[in-house]
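Protein chains in written order, with this note's numbering: chain A, 1 to 244; chain B, 1001 to 1244. Idealized CB from N, CA, C, for every residue including glycine. So the structure is just underneath, and the comments pick up after that.
There are 2 protein chains.
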Amino acid sequence: MYTPPYFKIQSQSAILDFIRQNSFGMLISPLGEKPEITHIPFIVSESAGPGMSEPTNHDFRSFQPAQATEKATENGKPSESDHTDEKQIQLLFHVAAANPNPQPGPAMAIFQGPHAYISPSWYEESNAVPTWNYIAIHVRGELERINDHDMMQRLMDSTVSEFEQGSSPWSIDWSNTYMNRMLDGVRCFRLNVQSLEGKAKLSQNHSVQRQKKVIARLESGSEMDREIARLMKAELEKKSESMD
Amino acid sequence: MYTPPYFKIQSQSAILDFIRQNSFGMLISPLGEKPEITHIPFIVSESAGPGMSEPTNHDFRSFQPAQATEKATENGKPSESDHTDEKQIQLLFHVAAANPNPQPGPAMAIFQGPHAYISPSWYEESNAVPTWNYIAIHVRGELERINDHDMMQRLMDSTVSEFEQGSSPWSIDWSNTYMNRMLDGVRCFRLNVQSLEGKAKLSQNHSVQRQKKVIARLESGSEMDREIARLMKAELEKKSESMD
Chain A
1 MYTPPYFKIQ
11 SQSAILDFIR
21 QNSFGMLISP
31 LGEKPEITHI
41 PFIVSESAGP
51 GMSEPTNHDF
61 RSFQPAQATE
71 KATENGKPSE
81 SDHTDEKQIQ
91 LLFHVAAANP
101 NPQPGPAMAI
111 FQGPHAYISP
121 SWYEESNAVP
131 TWNYIAIHVR
141 GELERINDHD
151 MMQRLMDSTV
161 SEFEQGSSPW
171 SIDWSNTYMN
181 RMLDGVRCFR
191 LNVQSLEGKA
201 KLSQNHSVQR
211 QKKVIARLES
221 GSEMDREIAR
231 LMKAELEKKS
241 ESMD
Chain B
1001 MYTPPYFKIQ
1011 SQSAILDFIR
1021 QNSFGMLISP
1031 LGEKPEITHI
1041 PFIVSESAGP
1051 GMSEPTNHDF
1061 RSFQPAQATE
1071 KATENGKPSE
1081 SDHTDEKQIQ
1091 LLFHVAAANP
1101 NPQPGPAMAI
1111 FQGPHAYISP
1121 SWYEESNAVP
1131 TWNYIAIHVR
1141 GELERINDHD
1151 MMQRLMDSTV
1161 SEFEQGSSPW
1171 SIDWSNTYMN
1181 RMLDGVRCFR
1191 LNVQSLEGKA
1201 KLSQNHSVQR
1211 QKKVIARLES
1221 GSEMDREIAR
1231 LMKAELEKKS
1241 ESMD
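Given below as structure tokens:
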């Protein structure tokens, strides 16, 4: 992704937050001349070192594999959860068992967010051209199959609790035979993340005056336009704070 | 893309309409172990046979290359514009000249549309699992650079007129030196389409009763939810018409 410095998302946690908020992405696997694309929701897991999962939301606590924790205790090593740079980030998902496409090996996950056409007429200035504002995240890593029955159950639980809304969210009743049979109908995967790349193209290369005019126009548009306006405002506030 | 028959978009014109309505997509080029993804708006061109462009909107009339038309006349061949199956479909776009990524050769373009999480609690029935409804289009083809100055100008004109809205749409004034210099700042491409694949995952594998319950829930949701509801309704109407 061609990303001039002023469009680059610098913060890893900002990138992960964006994925959590725009979790319906796409996987490219295999990488190669005949790539296959699978459209699926992903969930983010951050773990401190290989195999040692640390929860990133209420449900990911359950992702901590007992064996890895025991090993760390045996060796008497302290938890590395405070060392952000040593975290192993994983993207988790499942597909229908009948889907032949995702295969273990190198893979990419892509996330698009809101986007909007920007008309130069909004600037009320001459010598300007149209553009498109958007956010996109590119993730590269190694795709691995999850076969462990308990891990698969926990992945399904986490996926449901991530997306269910309201005061009485639906959850999986594993005492139900139907739900257990369902597990045979899916394949579960983790993408062990090797690189995260984020681009927020939000008119940062234009004057503050132009940015404000664009925000004003987008605020009277669609939900997606208003979301781009909100993100542009946040960028402007960040900038004015760093100038204080 | 894993597409069970009931999710497959059968009509090529429906796929092209979807691309026109969701034109901000992504290009994978090069295909290979280190694929690069470029997020850009595309415009659709349909031509009757190689090189003979036929307009798909008001501006694409200008995309008809004079030479190809003359050739057809010389050979005394009739226009093939009525033979839908012989149309050459192209996706056109431009990127910043500084962007090193899109390269001539095999490439893919991907379009996502609206999407929505579907809770099994909405069905008011047991033995059901959550799912995600969405539309996605995969295009495979051969990417070619457009270097011709007039063609580049016409591609830029068409892009602007495709996305400008309102009663006084902005347009490019090519008598302005600034606008002509701008052409040096872009690279233009056409993706000569070899295959179009469309998936509309809209609960068609559920009972009509369940579909209606999902539609009702989505109709009180976000703009994207309501768009999925609208598409689900259209599918249901198509189905009931075919049963009449």
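Taking C-beta pairs closer than 9 Å, name the residues in chain B that residue i reaches, listed in chain order.
i, result
"glutamate 164 of chain A", "Tyr1117, Ser1119, Ser1121, Pro1130"
"proline 100 of chain A", "Tyr1002"
Under three-state DSSP, which class holds residue i?
i, result
"isoleucine 172 of chain A", "coil"
"glutamate 237 of chain A", "helix"
"phenylalanine 163 of chain A", "helix"
"valine 95 of chain A", "strand"
"asparagine 1133 of chain B", "strand"
"glutamine 1153 of chain B", "helix"
"glutamine 1090 of chain B", "strand"
"glutamine 21 of chain A", "helix"
"serine 1045 of chain B", "strand"
"tyrosine 2 of chain A", "coil"
"proline 30 of chain A", "coil"
"proline 106 of chain A", "strand"
"glutamine 1204 of chain B", "coil"
"serine 1158 of chain B", "helix"
"serine 13 of chain A", "helix"
"glutamate 223 of chain A", "helix"
"serine 1242 of chain B", "helix"
"proline 55 of chain A", "Note that proline 55 of chain A has pLDDT 40, beneath the 50 cutoff, so the model's placement of it is unreliable and the number below is only indicative. Here proline 55 of chain A sits in coil by DSSP."
"methionine 232 of chain A", "helix"
Just to confirm my understanding: we take residue i, look at its own chain, exclude 5 residues before and 5 after, and list those with CB closer than 7 Å. What are they?
i, result
"methionine 1152 of chain B", "Ile1146, Leu1183, Cys1188"
"isoleucine 19 of chain A", "Phe42, Val44, Phe111, Ile137"
"alanine 96 of chain A", "Gly185, Val186"
"glutamate 1237 of chain B", "none"
"methionine 1179 of chain B", "Ile1172, Asp1173"
"glutamine 211 of chain A", "Ser203, Met232, Leu236"
"aspartate 82 of chain A", "The predicted model places aspartate 82 of chain A with a pLDDT of 38, which falls under 50 and marks its position as unreliable; any figure quoted below should be read in that light. Nothing meets the Cβ criterion."
"serine 119 of chain A", "Pro130"
"isoleucine 15 of chain A", "Ile9, Ile137, Leu196, Gly198"
Have a look at the DSSP bridge pairing and note the partners of residue i.
i, result
"serine 1195 of chain B", "B:Arg1140"
"lysine 8 of chain A", "A:Lys199"
"threonine 1177 of chain B", "DSSP output for threonine 1177 of chain B lists no bridge partner at all."
"glutamine 1112 of chain B", "B:Ala1136"
"histidine 1039 of chain B", "B:Met1026"
"arginine 1190 of chain B", "B:Leu1092, B:Glu1144"
"tyrosine 1117 of chain B", "B:Trp1132"
Spatial neighbours of residue i within its chain, please: C-beta separation below 6 Å, excluding the five flanking residues on both sides.
i, result
"histidine 39 of chain A", "Met26"
"lysine 199 of chain A", "Met1, Thr3, Phe7, Ala136"
"tryptophan 1122 of chain B", "Lys1213, Val1214, Arg1217"
"proline 228 of chain A", "According to the sequence displayed, residue 228 of chain A carries isoleucine and not proline. Here the set comprises Pro114, Ala116, Asn133, Leu218."
"serine 168 of chain A", "none"
"glutamate 1162 of chain B", "Ile1043"
"methionine 108 of chain A", "Ile28, Arg140"
"asparagine 99 of chain A", "none"
List the residues of chain B that residue i touches, going by C-beta distances under 7 Å, in chain order.
i, result
"valine 160 of chain A", "Pro1130"
What do you reckon, is the C-beta of residue i under 7 Å from a heavy atom of the ligand GTP?
i, result
"glutamate 197 of chain A", "The model depicted lacks the ligand GTP and carries no ligand whatsoever."
List the residues of chain A whose Cβ lies closer than 7 Å to the Cβ of residue i, in chain order.
i, result
"asparagine 1127 of chain B", "Tyr178"
Given that residue i touches chain A, what residues does it touch there, using C-beta distances under 8 Å?
i, result
"proline 1106 of chain B", "Glu33"
"valine 1134 of chain B", "Rather than valine, the amino acid found at residue 1134 of chain B in this sequence is tyrosine. The answer, in chain order, is Phe24, His39."
Mind listing the chain B neighbours of residue i? Cutoff is C-beta to C-beta under 8 Å, in chain order.
i, result
"alanine 96 of chain A", "Tyr1002"
"tryptophan 170 of chain A", "Ser1119, Pro1120, Ser1121, Pro1130"
Just to confirm my understanding: we take residue i, look at its own chain, exclude 5 residues before and 5 after, and list those with CB closer than 8 Å. What are they?
i, result
"tryptophan 170 of chain A", "Val160, Glu164"
"proline 30 of chain A", "Glu36, Gln103, Gly105, Pro106, Ala107"
"histidine 149 of chain A", "Leu183"
If you measure from the beta carbon of residue i to each beta carbon in chain E, is any gap under 8 Å?
i, result
"isoleucine 110 of chain A", "In the structure shown, chain E cannot be found, because the protein chains are A and B."
In chain order, what residues of the segment 1025–1050 of chain B put their CB closer than 8 Å to some CB of chain A? Met1026, Ile1028, Leu1031, Gly1032, Glu1033, Lys1034, Pro1035, Glu1036, Ile1037, Thr1038, His1039, Ile1040, Pro1041
Of all the residues that make up the segment 220–234 of chain A, which are near chain B by a beta-carbon distance shorter than 9 Å? Ser222, Glu223, Met224
Taking a Cβ distance cut-off of 7 Å, strictly less, list which residues of the segment 138–154 of chain A are near chain B, in chain order. His138
Please list the residues of the segment 178–199 of chain A that have a C-beta atom closer than 7 Å to any C-beta atom in chain B, keeping them in chain order. Tyr178, Met182
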